[in-house]
Amino acid sequence: MLLNDFIDIMNKLAPQETALGFDNVGLIIGTDRKQIKRVLVALDCTLAVAREAVEIDADLVLTHHPLLFSAVKRISPECPQTAAGYTLIRNGIALFSAHTNLDAAEGGVNTELCRLFGLQDTISVGEDSIMRVGNLPKTMMLDDFAVMVQNKLNTVAHISGSNTPVSRIAVIGGSGGAEYEQAHEAGAQVLVTGECKHSDAIAASVLNLNIIAAGHYQTENPVLIPLAAYLRSNTEGVEYMISKVNTPTFRTCGRCAE
401 MLLNDFIDIM NKLAPQETAL GFDNVGLIIG TDRKQIKRVL VALDCTLAVA
451 REAVEIDADL VLTHHPLLFS AVKRISPECP QTAAGYTLIR NGIALFSAHT
501 NLDAAEGGVN TELCRLFGLQ DTISVGEDSI MRVGNLPKTM MLDDFAVMVQ
551 NKLNTVAHIS GSNTPVSRIA VIGGSGGAEY EQAHEAGAQV LVTGECKHSD
601 AIAASVLNLN IIAAGHYQTE NPVLIPLAAY LRSNTEGVEY MISKVNTPTF
651 RTCGRCAE
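So in the working numbering, spot 225 of the sequence shown is number 625, and the numbers just go up one at a time.
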């Protein structure tokens, strides 16, 4: 199929116009007139992912995070910011990204987190509709809920706040700690996100809002499976493969637990 047709299908799920103003979404490398038969799906277009795309003979890399956010002065294999892009360009592979528009989408990053955590009666919060807030089927202790988050996301969760009963949960994958006021105003007792600044966690505590920081990669990566499933059900003649090399940026040091 033509890449242009693929873009139309992606825009039905996550319209590019819903991305935040700072974002760089859509077709980043390549032409929409390109024919595609194999797509590599990943959270990030790292150099390892670009090389994987070459190895599997992909026509397109689809990522959540854009490769480029700001202007670059050169595209070179020696430049850390552009080495992956250089590899794609040299091998004729296109790159398409859906970032904050996929965060906000129904069927996107945050609705997938709601599904994993079993949240009910979920609503979109804020002008950007990125955050989701919903209710647990039954009240849980904060620490028990954090353990569930860890198990669902295969991560190590960092918790602010004391071990109190919680039932209303806000979720925002990635870097969402700064949205603590929005979560509080929606009645949430817990904000589950990937990252949270120290100062934001302190401010949230004044509002009696608990923060669970579960990892940027870990709170966004779950969307890749339903994203690939959506594309498979809406396209023909295209193979979708989820990257095997796009692993978490940070790992837990085993010695730290000893």
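C-beta: ideal position from N, C-alpha, C; glycine also.
Valine 425 carries a coil assignment under DSSP once its states are collapsed to helix, strand and coil. The Cβ-Cβ distance between alanine 419 and histidine 499 falls below 9 Å. Note on histidine 598: under 16 other CB atoms within 10 angstroms of its CB, so exposed under the neighbour-count rule.
Per the coordinates, the alpha-carbon of cysteine 479 lies some 51 Å from the alpha-carbon of lysine 538. Annotation: the region 474–510 contains the following complete segments of the beta strand (DSSP E) (minimum length 3 residues), in chain order: 494–497. Scanning its chain for C-beta atoms nearer than 7 Å, with the 5 sequence neighbours on each side dropped, one finds around glutamate 512 the residues Pro622, Val623, Pro626, in chain order. When the beta-carbon positions are compared, valine 533 and arginine 490 stay at least 9 Å from each other. With contacts defined as CB atoms closer than 9 Å, alanine 570 and valine 525 qualify as a contacting pair. In the structure shown, the three-state DSSP call for alanine 419 is coil. For leucine 462, the beta-bridge partners assigned by DSSP are Val441, Phe496. Listed as beta-bridge partners of proline 565 by DSSP are Met541.
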